[in-house]
Amino acid sequence: MIKEVSSQEEGFTLIELLVVVGIIAILAGFAIPNLLTARTKARVSRVLADMQTIATGLESYSVDKQTYPPSTAENSIDTTDLIPTYITSVPDDPFTGSHFRYYTTGETKITAYLLVSDGPDGTPDVTSYHAIGGPTGGPEGPWPVVIEGGDGVGEDEWYKPTADDDKGDLGRGGP
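If you're matching positions, the sequence shown starts at -16 in our numbering and goes up one per residue.
Here it is as structure tokens:
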């Protein structure tokens, strides 16, 4: 028995393949930005939860010592003040991979603090080197945060954490 060869071959044409690739590219164009937004929102939620953990440790420290721990020269928390008595570990800022910045209202009797994350843009907007004022957002905000050159932040300048759509720094103050 001899098999006849058909002049019409089976398979996909180049046009059909290009149409399918085009459809996949369009769908990916819609999906990728949504995934990036979801990732940023998840990191912001993690920052706020981590700041709550640190704030709980700072408040426990304050109850025992009648002051908050001092900040280091790098505007960070001296982890030996909190670990292991008040918290098991000091979480890192997921936007930078380093510790949250920590500012205080002085060097002896510290009555207030500010924890700062660089936020989704990854750059510090609040620093201790010069006076900066600006909104940090929030569900009822905006809430002003002011860092006064070298002295920290005045006690009346502490406000709520930022909203999850803020592109700048995320902050949490206490008490």
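C-beta atoms are modelled at their ideal positions from N, C-alpha and C, and glycine is treated no differently.
**Asked** Rounded to whole angstroms, how far is the Cβ of S59 from the Cβ of R26, which I believe are closer than 8 Å?
**Response** The Cβ separation is near 20 Å, so there is no contact.
**Neighbourhood of I93 by C-beta, 7 Å cutoff - its chain only, sequence neighbours within 5 removed** = T50, Y51, P53, T87
**Asked** Going by alpha carbons, who is nearest to Y44 out of G(-6), L65, R29, D61?
**Response** L65
**Asked** On the premise that V30 lies in contact with L153, defined as a C-beta separation below 8 Å, what is that separation, rounded to the nearest angstrom?
**Response** 5 Å
**Request:** Can you give me the Cβ contacts of Y112 inside the same chain, cut-off strictly under 6 Å, excluding the 5 residues immediately before and after it?
**Result:** With a pLDDT of only 38 at Y112, under 50, the local geometry of the prediction cannot be trusted, and the value read off the model is given with reservation. Counting only Cβ-Cβ distances below 6 Å, and skipping sequence neighbours, we find nothing.
**Item:** F(-5) burial status per 10 Å Cβ neighbour count (16 or more: buried)
**Value:** exposed
**Item:** Local conformation of S28 per DSSP, three classes
**Value:** helix
**Coarse secondary structure for T39, derived from DSSP in three states** = helix
**Prompt:** Exposed or buried, F78, counting other C-beta atoms within 10 Å across all chains shown (16 or more means buried)?
**Reply:** buried
**Message:** My output table needs one value for I70: the three-state DSSP class, helix, strand or coil.
**Reply:** coil
**Prompt:** Contact check, T55 vs D61 under 8 Å by CB: the rounded distance?
**Reply:** 5 Å
**Message:** Whole angstroms are fine: how far does the CA of I(-2) sit from the CA of T106?
**Reply:** 46 Å
**Message:** For N17 and I9, I'd like the C-alpha separation in whole angstroms.
**Reply:** 13 Å
**Prompt:** From L19 to V99, what does the alpha carbon distance come to, in whole angstroms?
**Reply:** 22 Å
**Prompt:** By the 10 Å Cβ neighbour count, where 16 or more other Cβ atoms means buried, how is A11 classified, buried or exposed?
**Reply:** exposed
**Message:** Taking the straight line between their C-alpha atoms, what separation do you get for F200 and I6?
**Reply:** Lying outside -16 to 158, the shown extent of the chain, residue 200 is not represented and no answer is given.
**Prompt:** By a C-beta neighbour count over all protein chains shown, 10 Å radius and 16 as the cutoff for buried, is A21 buried or exposed?
**Reply:** exposed
**Message:** Mapping the DSSP letters down to three states, classify S81 as helix, strand or coil.
**Reply:** coil
**Request:** Output yes or no for whether 8 Å exceeds the beta carbon distance between Y96 and G157.
**Result:** yes
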